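Below is one structure, written out as structure tokens; comments come after it.
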């Protein structure tokens, strides 16, 4: 079976011969065409509008900055800085048998 290009797979064009809008009248039930001709015309023009143009969006986002130098802190309820105790010589892990005491609740773990 040889490959055939389908009529709806062609490049976009202003020619409305192979578009859905030309087939609207044959797809609507007879009572809608008879009782609601304005709706039928609306659908036809709506699909012509959708098929007539090609919308291309080009976006240039140049206002995103990666800021690695600003120091930011986590602040508790009272406005005090929460200091992370991970630094030089520390891997940030708990030691076996280490006791941790909460600064505000004095709870220990």
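Residue numbers (this note's numbering): 22 to 130. Beta carbons are placed, not taken as given, at the ideal position from N, Cα and C, and that holds for glycine. Being a predicted model, the structure only gives us computed values, none of them experimental.
In the structure shown, residue 39 adopts coil according to DSSP, grouped into three states. When rounded, the separation of the alpha-carbon atoms in residue 128 and residue 119 is 14 Å.
Going by DSSP, residue 52 is part of the alpha helix (DSSP H) stretching over 51-56. As DSSP reads the structure, residue 45 sits in no beta bridge. Secondary structure at residue 65: helix, using DSSP grouped into helix, strand and coil.
Rounded to whole angstroms, the Cβ separation of residue 95 and residue 103 is 4 Å, and the two are in contact under 8 Å. At the C-beta level, residue 45 and residue 61 come within 8 Å of one another.
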